[in-house]
Amino acid sequence: MTEPNYLDTPQGRRIAYHRSAGSGPGLVFLGGFVSDMEGTKAVHLEDWARSQGRAFVRFDYSGHGQSSEAFIDGCIGDWAEDAMAVLEALTEGPQVLVGSSMGGWIALLCARAMPERVAGLVTIAAAPDFMTTSMWAELGADGQRKVMEEGIYEIPSDYDAPYRITRGMIEDGRKQTVLDKPLALEVPVRFLQGTEDEAVETDVALRLLAHATGPDLRLTLVKGADHRFSTPECLALIEGSVEQVLAATGEAR
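In my numbering, the protein residues as written are 4 to 256.
This is the structure we're talking about:
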């Protein structure tokens, strides 16, 4: 694993990243909750972008991977700020954002806040508003009470360690929602979703498609695919979706 470079953000956080030079629109990969930039999808897409001569950036949000700060001190708003800082400092012109799970939510926040820097979107099991919907529900009544009264609560995960959810994450998540207010996406968008996703239900993808407005929005459901969406077939579908978005912008190879 090669050593990352670092970006100091306007908020004083230090973001670890890898960047590959190439033509634009470039690609920026936005990872998931408690994930990092060394995941299968991020590294695979980086290799694909290099083979196409396409600029590419992957990075760790603050509190994730090799970036600064403690995870429990962060929230969706902070991680969206990190993504926007990466867009501003490490890319040129509009970019195609590829967002996985929470990264799909953050991609939508970026598209809403800085549409001039977004050429298109590809989301993989996008989880918009999950802090106030699925995560809040998963806490249950006891967990909800504890996180609000004590400030932190742990819930089991299907990965290495339990998720540590804080009151700050919940309260900030309520401020970052996208499904309860207009969501205009004037760029080509491809939503990808597996039907066997154990973390994000198919209804979330359907709701997002129904709620967002734009001239070129498409949802692909993959029967049997899980939340990781990392089989060879799923990775090929991600590549193809990026190619579709680039073609719609007039920038395909």
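We treat Cβ as the ideally placed atom computed from N, Cα and C, and that holds for glycine.
Item                                                                                                                                                                                  : Value
To the nearest angstrom, how far is it from the Cα of E199 to the Cα of A228?                                                                                                         : 5 Å
Cα separation between M87 and I109?                                                                                                                                                   : 9 Å
Roughly how many whole angstroms lie between the Cα atoms of M151 and Q14?                                                                                                            : 26 Å
Taking contact to mean at least 3 C-beta pairs separated by less than 8 Å, is the region 51-61 in contact with the region 124-136?                                                    : no
Smallest Cα separation from F32: which of T205, I18, S65 and V101?                                                                                                                    : V101
Where in the region 129-197 do unbroken runs of the beta strand (DSSP E), each at least 3 residues long, occur, reported from the N-terminal end onward?                              : 155-158, 166-169 and 192-197
Would you call the region 169-189 in contact with the region 216-224, where contact means no fewer than 3 C-beta pairs closer than 8 Å?                                               : yes
Of all the beta strand (DSSP E) runs that stay within the bounds of the region 66-107, which reach a length of 3 or more residues?                                                    : 98-103
Indicate whether S71 and W82 have their beta-carbon atoms separated by less than 8 Å.                                                                                                 : no
Rounded to whole angstroms, what is the Cα-Cα separation between L111 and W139?                                                                                                       : 20 Å
Residue range of the alpha helix (DSSP H) that P235 falls in?                                                                                                                         : P235 to T252
Hey, would you say G176 sits closer than 8 Å to I79, going by beta carbons?                                                                                                           : yes
As an exercise, report each continuous alpha helix (DSSP H) stretch of at least 4 residues that is fully enclosed by the region 23-66, in chain order.                                : 43-55
Mapping the DSSP letters down to three states, classify K122 as helix, strand or coil.                                                                                                : A quick correction: the sequence has Ala, not Lys, at residue 122. Strand, per DSSP.
Select from C237, Q69, D50 and K44 the residue whose C-alpha is nearest the C-alpha of A24.                                                                                           : D50
Where does D206 fall in DSSP's three states?                                                                                                                                          : helix
Give every residue of the same chain whose Cβ lies closer than 7 Å to the Cβ of E141, excluding the five residues on either side of it in the sequence, and list them in chain order. : I158
May I have the straight-line CA-CA distance separating G77 from I168, to the nearest angstrom?                                                                                        : 10 Å
Measure from the alpha carbon of H214 to the alpha carbon of each residue in V181, V225, G68 and R193, then state which is nearest.                                                   : V181
When burial is assigned at 16 or more other CB atoms within 10 Å of the CB, is Y156 buried or exposed?                                                                                : buried
To the nearest angstrom, report how far apart T126 and A19 are at their CA atoms.                                                                                                     : 22 Å
Are the CB atoms of V245 and V99 within a distance shorter than 8 Å?                                                                                                                  : yes
Alpha carbon to alpha carbon, what distance is there between E153 and A122?                                                                                                           : 42 Å
Quick check on this structure: which residue in L212, V225, T94 and L238 has the alpha carbon closest to the alpha carbon of E119?                                                    : T94
Would you kindly report the start and end of the unbroken beta strand (DSSP E) that includes R221?                                                                                    : L220 to V225
Can you check which of these residues, A114, V207 and R170, is closest to I75 by C-alpha distance?                                                                                    : R170
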